[in-house]
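Scroll down for the structure; my scribbles are underneath it.
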Amino acid sequence: MNRNLIPWRRKDQLPARGRDAGTPFEALHRQMNELFESFFEDFNAPRLPSLWRGDEGLSVLTPNFEVAETEDEVKVTAELPGMEEKDIEVTLENNVLIVKGEKKEEREEKKKDCYFSERRYGHFQRVVPLPASVQEDKVKARFNKGVLTVTLPKTEESCRKGRKIEVAPE
Numbered sequence: 011m012n013r014n015l016i017p018w019r020r021k022d023q024l025p026a027r028g029r030d031a032g033t034p035f036e037a038l039h040r041q042m043n044e045l046f047e048s049f050f051e052d053f054n055a056p057r058l059p060s061l062w063r064g065d066e067g068l069s070v071l072t073p074n075f076e077v078a079e080t081e082d083e084v085k086v087t088a089e090l091p092g093m094e095e096k097d098i099e100v101t102l103e104n105n106v107l108i109v110k111g112e113k114k115e116e117r118e119e120k121k122k123d124c125y126f127s128e129r130r131y132g133h134f135q136r137v138v139p140l141p142a143s144v145q146e147d148k149v150k151a152r153f154n155k156g157v158l159t160v161t162l163p164k165t166e167e168s169c170r171k172g173r174k175i176e177v178a179p180e
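Residue 11 is where the sequence shown starts when you use our numbering, and the numbers rise one by one after that.
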């Protein structure tokens, strides 16, 4: 049974570089999850509150991003399920796109002899260096059904096609 302590991705979704690849912080994250999981399973302890559990916890969010470049534009797409546009901030500085977001949830249940209240919070920040210079005044961001799409038109200079240079023998 695998419960991720600091989740965002689904458990069956591996990082792009493979399960064991990544930074030392990612390895530490996995090891801490395994440590907590084994500790509580050994004692047949009840499940941890949802803030610590796999699919429901929020703490640090790591949404999936995709950067695509065409001749005319750069398009950045981010999967942000469960978020709303008011929770997302997009800025562009020195040809670097910065996307920040936070999600807050509160849940309250009242039953005959039971009262349950839960608050959860999560945040993320992604810094995306752009592969080409863009026209800052023409950048557009759209949010639809949990997907953020930022369209960044390239500058005229970035759109120019190179010219073929002939190589002459000496």
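A virtual CB, placed ideally from N, CA and C, is assigned to each residue, including glycine.
Bear in mind that the values here come from a model prediction, so they are computed numbers and not experimental data.
Using the beta-carbon count (16 or more within 10 Å), is residue i buried or exposed?
{"i": "Ala-6", "result": "Within the shown structure, residues of the chain are numbered from 11 to 180, placing residue 6 beyond reach of any answer."}
{"i": "Gly-156", "result": "exposed"}
{"i": "Met-42", "result": "exposed"}
{"i": "Val-84", "result": "buried"}
Along the beta strand (DSSP E) that carries residue i, what are the first and last residues, could you check?
{"i": "Glu-103", "result": "98–103"}
{"i": "Glu-95", "result": "Unbroken run through Glu-95: none, as it is neither H nor E."}
{"i": "Asn-74", "result": "Element bounds for Asn-74: n/a, residue is neither H nor E."}
{"i": "Gly-9", "result": "Lying before the first or after the last residue shown, residue 9 is absent from the chain, which here runs from 11 to 180."}
{"i": "Ile-108", "result": "106–120"}
{"i": "Gln-135", "result": "125–139"}
{"i": "Glu-89", "result": "83–89"}
Specify, as a first and last residue, the run of the alpha helix (DSSP H) that residue i falls within.
{"i": "Ser-168", "result": "166–169"}
Among the options, which one has its Cα closest to the Cα of residue i?
{"i": "Tyr-131", "options": "Asn-43, Glu-116 and Asp-147", "result": "Glu-116"}
{"i": "Phe-134", "options": "Ile-108, Ala-37, Thr-33 and Phe-126", "result": "Ile-108"}
{"i": "Asn-74", "options": "Ser-143, Val-137 and Ala-142", "result": "Val-137"}
{"i": "Pro-163", "options": "Asn-154, Arg-129 and Asp-147", "result": "Asp-147"}
{"i": "Thr-182", "options": "Glu-94, Glu-47 and Glu-112", "result": "Summary: the structure shown does not reach residue 182, with the chain confined to residues 11 through 180, and so no result is reported for it."}
{"i": "Pro-91", "options": "Ala-178, Phe-126, Lys-174 and Asn-154", "result": "Asn-154"}
{"i": "Glu-76", "options": "Leu-140, Glu-166 and Glu-103", "result": "Leu-140"}
{"i": "Ser-143", "options": "Glu-119, Val-106, Tyr-125 and Thr-33", "result": "Val-106"}
Please list, in chain order, all residues of the same chain as residue i whose beta carbon is under 7 Å from its beta carbon, the five residues on each side excluded.
{"i": "Arg-27", "result": "Because the pLDDT of Arg-27 is 43, which lies under 50, any placement of that residue in the model is unreliable, and the number read from its coordinates should be weighed accordingly. Closer than 7 Å at the Cβ level, and outside the excluded window around Arg-27, lies no residue."}
{"i": "Cys-169", "result": "Glu-81 and Asp-82"}
Counting only the same chain and skipping the five closest in sequence on each side, list residues whose C-beta sits under 6 Å from that of residue i.
{"i": "Leu-101", "result": "Before going on, a small fix: residue 101 reads as Thr here, not Leu. The residues are Ile-108."}
{"i": "Arg-152", "result": "Thr-159"}
{"i": "Ser-1", "result": "The structure shown does not extend to residue 1, since the chain is modelled only from 11 to 180, so the question has no answer here."}
Please list, in chain order, all residues of the same chain as residue i whose beta carbon is under 8 Å from its beta carbon, the five residues on each side excluded.
{"i": "Glu-167", "result": "Ser-143"}
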